[in-house]
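229 is the number of the first residue of the sequence shown in my numbering; add one for each residue after it.
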Amino acid sequence: MKVLIVGGGIAGLTLAYWMNQNGNEVQVIEKAPELRTEGYMLDFFGPGYDVAEKMGILDSLQRIHYPISALKFLNRKGKHKFELPYPSLRHLFNGRHFNFLRGDLEQVLYELVRERVDFRFGVTTEDIQQDDEQVHVTLSDGSREAADIVVGADGVRSQVRSLMFGDHHNYIKHLGYYTAAYIIHNSTMENQLSNAFYSLSSPGLQASVYPIRGDRSATFFLYKASKKEEHLSGKEAKDELENQFKHMGWIVPELLDKADEASDFYFDEVSQVVMPRWSKGRVVLVGDSCQAVSLMAGQGASLAMTGAYVLARCLHENKDVKQALDKYEDDLKPQIMKTQASGRRFAHYFLPDTRLRIFIRDLTMRISVLPVIRRFINMNRARIPK
Ligand SMILES: Cc1cc2nc3c(=O)[nH]c(=O)nc-3n(C[C@H](O)[C@H](O)[C@H](O)COP(=O)(O)OP(=O)(O)OC[C@H]3O[C@@H](n4cnc5c(N)ncnc54)[C@H](O)[C@@H]3O)c2cc1C
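Given below as structure tokens:
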């Protein structure tokens, strides 16, 4: 069977691996000119960890892992409130937890398949047509490809989804928050940071920074705001971020100033993707394009790998494509819906919007890592659906 995967991110690369393992011909179409290298820090645990174990890449993930010493919580002026040692937090996940940059994970996955899969960078899909036997895709460079199955692994704003299922607005659900993330080169101030994840909170705002390899630091901003009319990018997005966070103290103004130098400035609304169906004929979606749970649920990358694994398994075990795609959805969707619901519930806790809620969040975090309490907590219960 020939499979054409649109999107060479976490879902697309994982799917490429498993479809190739199962004896299929695989082609990946990626719109970026080359593999993305940076991105933001991922908390990685849950069923995606189990998929990574099946792929034999836990050693590689250990190598890209950032063994931070602690999470340090500061008030809006940068005054130290409390800290949680990272080993105690990892304990909540039975030790099966990593922190790494999204780009580093993609690099590990790419290395597994680069020799065995046909990659085409710098192109995207313009048109998709299908009949009972095949799918015909016209690419942005004018070339045409035919495949037995086409998979949209092209993220929250999936082009494959738009072409097959219609407008984004029908599927992207804004959760009431915006986020930004970018990587900066350290100057004197950031060089004084210890090997920890620093997080400043004030009601409805969170600014974080953590040192990463190569004399750099990664930033992460989150704030509460209703949906804007337009999708902001470039200078408009940077101005918006500056307006939201300029009143915070410590090194936050300096981090904001450096947004202009960042090569990989990310800014977007925090959203989930909810769809009644994930496939149409021989075209199917995987990862954030159909199942984004949002950073509030904190397992998007893990579930993208899980989705790819389950899709490949269903296609391998069911020779009838329709049955395979129905089974994929039946197996995975309940877990995605559950995680999305908990992400929506958890949002107030993740980003408290009053001083009282910040106080309660801080208190419960401090209690949860106490040795007497933490042995009753298992944050790593979700498994790959059978
Ligand atoms: C700030 C932030 C923090 C996060 N933190 C966490 C976390 O701690 N833990 C966690 O598990 N998850 C986290 N996530 C979520 C996680 O990053 C996503 O769930 C995951 O990246 C989804 O992978 P994906 O491959 O489905 O989509 P994406 O990562 O979006 O990859 C899509 C790929 O498709 C390509 N593409 C897009 N459009 C086209 C097109 N038209 N044609 C061809 N190619 C195309 C893109 O260039 C990209 O390579 C976070 C997300 C954000 C934004």
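Glycine included, every Cβ here is placed at the ideal spot set by N, Cα and C.
Everything numeric in this text was worked out from a predicted model, so none of it was measured.
The region 336-353 in contact with the region 239-251 per 3-pair CB rule at 8 Å: yes
Which first and last residues belong to the beta strand (DSSP E) in which K300 is found? A298 to L302
* Output the distance between the C-alpha atoms of F574 and V234, rounded to the nearest integer angstrom. => 31 Å
Checklist entry - Does the distance from the CB of S522 to the CB of G571 come in under 8 Å? => result yes
- Residues sharing a beta bridge with V231, DSSP: V254 and I377
| message | Taking the straight line between their C-alpha atoms, what separation do you get for Q434 and Q472? | response | 10 Å
ask   = When DSSP labels each residue in this structure, what does Y399 get in the three-state scheme?
value = coil
Self-check item: Those runs of the alpha helix (DSSP H) which lie wholly inside the region 457-501 and span at least 4 residues
Solution: 462-473 and 480-485
**OP:** Let me know the secondary structure DSSP gives H293 once reduced to three states.
**Re:** coil
- Could you tell me which uninterrupted alpha helix (DSSP H) segments, each at least 4 residues in length, are contained entirely in the region 320-349, listed from first to last along the chain? 330-341
Going by the C-beta, is I257 closer than 7 Å to any heavy atom of ligand 1? yes
Does the beta carbon of A280 come closer than 8 Å to any beta carbon on chain B?
The chain inventory of the structure shown lacks chain B, comprising one protein chain alone.
### Message
Three Cβ pairs or more, each shorter than 8 Å: is that satisfied between the region 399-408 and the region 253-260?
### Response
no
- Message: Among G526, P613, A610 and L560, whose alpha-carbon lies nearest the alpha-carbon of R330?
- Response: G526
Exercise. Going by C-alpha distance, which of Y405, P580, G323 and T592 is nearest A453?
Worked result: Y405
Ligand 1 heavy atom lying under 7 Å from the CB of L553
no
* Asked: Going along the chain, which residues of its own chain have a beta-carbon closer than 7 Å to the beta-carbon of L241, five neighbours each way excluded?
  -> E334, L337, Y338 and V341
Given 8 Å as the limit, is there contact between the region 271-279 and the region 528-540, that is, 3 or more CB pairs closer than that? yes
Exercise for the section: Return the residue from the list E262, V502 and I612 that minimises the CA-CA distance to Q568. Expected result: V502
Specify, as a first and last residue, the run of the beta strand (DSSP E) that L367 falls within. V363 to L367
Problem set entry | Simplified DSSP assignment, three categories, for D359 | coil
field: Nearest-angstrom Cα separation, counted from P439 out to S415
entry: 11 Å
For L513, which three-state DSSP category applies? strand
Discussion item. Does M269 come out as helix, strand or coil in the three-state DSSP assignment?
Written reply: strand
>> At a threshold of 7 Å, does F393 count as lining ligand 1 (C-beta to nearest heavy atom)?
In response: no
- Message: For the structure I just gave you, are there three or more beta carbon pairs, one from the region 416-435 and one from the region 382-391, closer than 8 Å?
- Response: no
Comparing C-alpha positions only, which one of K455, G477, D467 and R389 sits nearest to S429? G477
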